[in-house]
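S.K.: My questions all concern the structure below.
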Amino acid sequence: MAIKTEEMVLNMGPQHPSTHGVLRLELELEGEIIKNVKPHIGYLHRCFEKHAEAMTYPQVVPYTDRMDYVASMYNNFGYAVTVEKLLGIEVPERVEYIRVIMGELQRIASHMVALGTYGLDLGAFTPFLYLFIDREKILNLFEMTCGARLLYNYIWVGGVSHDLHPDFLRLTKEFIDYYRPHIAELNELLSYNKIFIERTANVGVMPLDTAINYGMTGPNLRASGLKFDLRKDEPYSIYDRFDFDVPVGEGKMGTVGDCWDRYFVRVLELEQSLKILEQAIEQIPEGDVQSAIPKRIKPPAGTVYGRVEAPRGELGYFIISDGSVNPFRMKVRAPSFVSLSIMGELCKGHLVSDVVAILGSIDIVLGEVDR
Amino acid sequence: MKQPKEIFESLKEKFTEYNFEIIEDLPVEPIISVDPLNVNKIGFYLRLDADLQFDSLMVLSGVDDNNAKKIKQEDETEIDDPGTLSVYYHLYSTTLKHKVTLKASAPKDNPEIESVEKVWKTADWHEREAYDMIGIKFLNHPDLRRILMPYDWDENSFPLRKDYENPEFYQGIKVPY
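Residue numbers (the working numbering), protein chains in the order written: chain A, 852 to 1222; chain B, 21 to 197.
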């Protein structure tokens, strides 16, 4: 007698430690093989875009914080850059440098969460604790600057909310020297760990054409082998002044574009961000940080699409202005939203335990997926 | 690398039967308005043509243009123009590094726009979001469901429309409670 087989549907989430938030994955299984994955999102939906239509332009800034809450500073940054593009205003040199310093510190802090929780998902508890000790030091620097540790409301249109603390640059320099050796430590602990490599190499391979067609950006796209970074290819703010490399996936442990590559590109980016930070601290001029903040923001009627390289990929703001003090329409192109849409494609044919490895490797923040 | 104006010209040359318009008097970027029912064919051309290679759809956004008005006819009676809903496509070429913005508009009482999901896979979720929030019906989309709002949300209620009103009850609970 033949064994009776049928497809099984399994719900992963909405409460699940590996979904990094409130996300439900509907897994269609045949035995332990994944036939399809359907992500169900919207559990954190707060309708940012509708709120923004009722706000004036400066009032939107704190709302942007709450999208990608692991990289709030960069959300502020992207919003400020976009509105300034629409207004056509220049900001003082010092502000540009402060923004880059904050942005890169935030990128390091955000990658630390990504890498740490990725290890956690796959059963490596220790690296997570080590990374969070160091992340704490970055949060202390942010707290020193603007008083907040998670949601900063720091980068405003035309400036920043506070000038740097007198000790900030010295302490940041100390942090860079302190943190640099820890990247090698992370590699020993996690990146080159045999078990970790077994779980991630050759899993969830994302070919380059699929990645581009699905709109992947940031580390996920670079891991598939395309050297594309908005900081280099379409420099905004003052990123064209710094010397840094764009790491890409090389398939060192398996195939180009597998989970290990996506993980390791983030590790390599830590080093590059430290490099940018060093140069920015060296070059930062004195000056007033609030002189360019407009008293009243009333952009001309028209549309603008501004995009920046946030830690998770291309963060874009599409703003339609009707010439009044409120945005007529604001759409956010959230990198995590786009990255999550490839889940079904990546998981096909893998085992149930690989879903966790793949989901962790594309590094999503549900606050940004649902907005 | 091509300017939007050149892309506009080549589109007009290729698809003589469709209407194209270029809106240039905008502060940042010009917009090319395209035929909503043939946007998939235009998309395939833009993606596959060797001189254009728009392989990446950066963002697809649905917009309620909020331009409903009353049109006075010759015999002094008025008819309602329901206005339009639009979709903006921001395209980028990762190889040639150029950008273009397309816009497709459809009347609000029958907002049908062809899906570009076959052209750029990323449009799948963006179109579901535009349907969910604005209520644009994407023709030939494989899975047009709500994405951010609950699946049991009133099927004629779209939160990002300008004339949206909060429902009185949701699942038997008064709003605002």
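All C-beta atoms in this analysis are idealised placements derived from N, C-alpha and C, irrespective of residue type, glycine included.
Only a predicted model underlies this, so the values are computations on that prediction, with no experimental measurement involved.
On the three-state DSSP scale, how would you describe T1051 of chain A?
M.R.: Residue mapping note: residue 1051 of chain A aligns to position 200 of the first sequence, counting from 1. Residue state, collapsed to three classes: helix.
S.K.: What does a CB cutoff of less than 7 Å around I1048 of chain A pick up in its chain, not counting 5 residues either side in sequence?
M.R.: Mapped onto the first sequence, residue 1048 of chain A falls at position 197. Cβ within range, chain order: M1104 and W1111.
S.K.: List the residues of chain B that Y1065 of chain A touches, going by C-beta distances under 9 Å, in chain order.
M.R.: Position 214 of the first sequence holds residue 1065 of chain A. In chain order: W140, K141, T142 and D144.
S.K.: Could you tell me how far apart the beta carbons of L874 of chain A and I885 of chain A are, in whole angstroms, since I believe they sit closer than 8 Å?
M.R.: Sequence index remark: in the first sequence, residue 874 of chain A carries index 23 (1-based). Sequence index remark: in the first sequence, residue 885 of chain A carries index 34 (1-based). Contact flag wrong, Cβ pair sits at about 16 Å.
S.K.: For the stretch 1085 to 1162 of chain A, which segments carrying the alpha helix (DSSP H) assignment without a break, of at least 4 residues, lie completely within its bounds, in sequence order?
M.R.: Counting only runs of 4 or more, we get 1110 to 1134.
S.K.: Could you tell me if A965 of chain A is buried or exposed, where buried requires 16 or more neighbouring beta carbons within 10 angstroms of its beta carbon?
M.R.: For the purposes of this step, residue 965 of chain A is taken as the residue at position 114 of the first sequence. So A965 of chain A ends up on the buried side.
S.K.: Let's see if you can read the secondary structure: which residues bound the beta strand (DSSP E) around N130 of chain B?
M.R.: Along the second sequence, read from residue 1 onward, the residue named residue 130 of chain B stands at position 110. Element bounds for N130 of chain B: n/a, residue is neither H nor E.
S.K.: Which two residues bound the contiguous beta strand (DSSP E) that contains D919 of chain A?
M.R.: In the first sequence, residue 919 of chain A corresponds to position 68, counting from 1. Unbroken run through D919 of chain A: none, as it is neither H nor E.
S.K.: Using a Cβ-Cβ cut-off of less than 9 Å, list which residues of the stretch 1154 to 1171 of chain A approach chain B; keep chain order.
M.R.: Result list: T1154, V1155, Y1156, G1157, R1158, E1165, G1167, F1169 and I1171.
S.K.: Roughly how many whole angstroms lie between the Cα atoms of G1010 of chain A and S1124 of chain A?
M.R.: Your numbering for residue 1010 of chain A matches position 159 in the first sequence. Your numbering for residue 1124 of chain A matches position 273 in the first sequence. In a straight line, the C-alpha of G1010 of chain A is about 22 Å away from that of S1124 of chain A.
S.K.: Does the beta carbon of D1084 of chain A come closer than 8 Å to any beta carbon on chain B?
M.R.: Along the first sequence, one-based indexing puts residue 1084 of chain A at 233. Chain B contact via Cβ: present.
S.K.: In chain A, which residues lie with their C-beta within 8 Å of the C-beta of S125 of chain B?
M.R.: Your numbering for residue 125 of chain B matches position 105 in the second sequence. By Cβ distance, chain A contributes nothing, its closest Cβ being about 13 Å from S125 of chain B, past 8 Å.
S.K.: Buried or exposed: which applies to K1182 of chain A, given that a residue is buried once 16 or more other Cβ atoms fall within 10 Å of its Cβ?
M.R.: For the purposes of this step, residue 1182 of chain A is identified with residue 331 of the first sequence, where counting begins at 1. Label assigned to K1182 of chain A: buried.
S.K.: So, does the CB of R1113 of chain A fall closer than 8 Å to a CB anywhere in chain B?
M.R.: In the first sequence, counting from the first residue as 1, residue 1113 of chain A sits at position 262. So no, R1113 of chain A is outside the interface.
S.K.: Can you give the Cα-Cα distance for E175 of chain B and K157 of chain B, rounded to whole angstroms?
M.R.: Within the second sequence, numbered from 1, the residue matching residue 175 of chain B stands at position 155. Within the second sequence, numbered from 1, the residue matching residue 157 of chain B stands at position 137. Their Cα atoms are separated by approximately 12 Å.
S.K.: Just verifying my parser: in three-state terms, what is the DSSP assignment at K89 of chain B?
M.R.: For the purposes of this step, residue 89 of chain B is identified with residue 69 of the second sequence, where counting begins at 1. If DSSP states are grouped into helix, strand and coil, K89 of chain B belongs with the strands.
S.K.: When you compare only the Cα positions, how much space is there between E185 of chain B and H896 of chain A?
M.R.: Position 165 of the second sequence, counting from 1, holds the residue named residue 185 of chain B. Position 45 of the first sequence, counting from 1, holds the residue named residue 896 of chain A. If I take the Cα positions, the gap works out to 18 Å.
S.K.: Taking the alpha carbon of S1012 of chain A as the reference point, which residue from A:M924, A:K1045, A:K889 and A:N991 has its own alpha carbon closest?
M.R.: Walking along the first sequence from the start, residue 1012 of chain A turns up at place 161. Comparing Cα positions, the closest option is A:M924.
S.K.: Nearest chain A C-beta to V48 of chain B closer than 8 Å, yes or no?
M.R.: Position 28 of the second sequence, counting from 1, holds the residue named residue 48 of chain B. Closer than 8 Å: yes.
S.K.: Using the beta-carbon count (16 or more within 10 Å), is S1175 of chain A buried or exposed?
M.R.: Residue 1175 of chain A sits at position 324 when you count from the first residue of the first sequence. Answer is exposed; the Cβ neighbour count stays below 16.
S.K.: Note down, in chain order, all residues in the stretch 877 to 896 of chain A with a beta-carbon under 8 Å from any beta-carbon belonging to chain B.
M.R.: Those would be I892, G893 and H896, in chain order.
S.K.: Could you compute how far the alpha carbon of F1115 of chain A sits from the alpha carbon of A1035 of chain A?
M.R.: In the first sequence, residue 1115 of chain A corresponds to position 264, counting from 1. In the first sequence, residue 1035 of chain A corresponds to position 184, counting from 1. Going from the Cα of F1115 of chain A to the Cα of A1035 of chain A covers about 12 Å.
S.K.: What does a CB cutoff of less than 8 Å around A808 of chain A pick up in its chain, not counting 5 residues either side in sequence?
M.R.: It is not possible to answer for residue 808 of chain A, since the shown part of chain A is limited to 852 through 1222.
S.K.: Expressed to the nearest angstrom, what Euclidean distance is found between the alpha-carbon atoms of V136 of chain B and I854 of chain A?
M.R.: For this step, residue 136 of chain B is matched to residue 116 along the second sequence. For this step, residue 854 of chain A is matched to residue 3 along the first sequence. Distance between the alpha carbons of V136 of chain B and I854 of chain A: 43 Å.
S.K.: Taking only runs that begin and end inside the stretch 63 to 118 of chain B, name each unbroken alpha helix (DSSP H) of 4 or more residues, in chain order.
M.R.: List check, alpha helix (DSSP H) in window: nothing returned.
S.K.: Less than 8 Å between CB atoms is the rule here; does D1080 of chain A satisfy it with respect to chain B?
M.R.: Here residue 1080 of chain A is taken as the residue at index 229 of the first sequence, counted from 1. So no, D1080 of chain A is outside the interface.
S.K.: Report the neighbours of L1197 of chain A on chain B: residues whose CB is nearer than 9 Å to its CB, in chain order.
M.R.: Residue 1197 of chain A sits at position 346 when you count from the first residue of the first sequence. Neighbours of L1197 of chain A on chain B: none; closest Cβ ~12 Å, over 9 Å.
S.K.: Report buried or exposed for V195 of chain B, applying the criterion of at least 16 other Cβ atoms within 10 angstroms of its Cβ.
M.R.: As a working mapping, residue 195 of chain B is identified with position 175 in the second sequence. Exposed, since its Cβ has fewer than 16 Cβ neighbours within 10 Å.
S.K.: Got a sec, what are the start and stop residues for the alpha helix (DSSP H) V1206 of chain A sits in?
M.R.: Along the first sequence, read from residue 1 onward, the residue named residue 1206 of chain A stands at position 355. Looking at the DSSP string, the run of the alpha helix (DSSP H) that includes V1206 of chain A is V1203 to I1213.
S.K.: Quick check on the burial criterion: 16 or more other C-beta atoms within 10 angstroms. Buried or exposed for F1179 of chain A?
M.R.: Stepping through the first sequence from its first residue, residue 1179 of chain A is reached at position 328. With 16 or more Cβ atoms within 10 Å of its Cβ, F1179 of chain A is classed as buried.
S.K.: I'd like the span of the beta strand (DSSP E) that includes K141 of chain B, first residue to last.
M.R.: Here residue 141 of chain B refers to the residue found at position 121 of the second sequence. Segment: none, K141 of chain B is in no beta strand (DSSP E) and carries neither H nor E.
S.K.: Are the beta-carbon atoms belonging to E205 of chain B and L168 of chain B less than 8 Å from one another?
M.R.: Residue 205 of chain B lies beyond the range of chain B shown here (21 to 197); nothing can be said about it.
S.K.: First and last residue of the alpha helix (DSSP H) that includes K32 of chain B?
M.R.: As a first step, residue 32 of chain B must be located in the second sequence, where it is residue number 12. Looking at the DSSP string, the run of the alpha helix (DSSP H) that includes K32 of chain B is P24 to K34.
S.K.: Scan the stretch 1177 to 1198 of chain A for residues whose Cβ lies nearer than 9 Å to a Cβ of chain B and list them as they occur along the chain.
M.R.: Residues passing the 9 Å Cβ filter: F1179, R1180, K1182, V1183, R1184, F1188, V1189, L1191, S1192, I1193 and E1196.
S.K.: Look up P1186 of chain A in the DSSP assignment and say whether it is helix, strand or coil.
M.R.: For the purposes of this step, residue 1186 of chain A is identified with residue 335 of the first sequence, where counting begins at 1. Looking at P1186 of chain A - three-state DSSP - the assignment turns out to be helix.
S.K.: In chain A, which residues lie with their C-beta within 9 Å of the C-beta of V54 of chain B?
M.R.: As a first step, residue 54 of chain B is located in the second sequence; it is residue number 34 there, counting from the start. The premise fails here: V54 of chain B is roughly 16 Å from chain A at the closest Cβ pair, so nothing lies under 9 Å.
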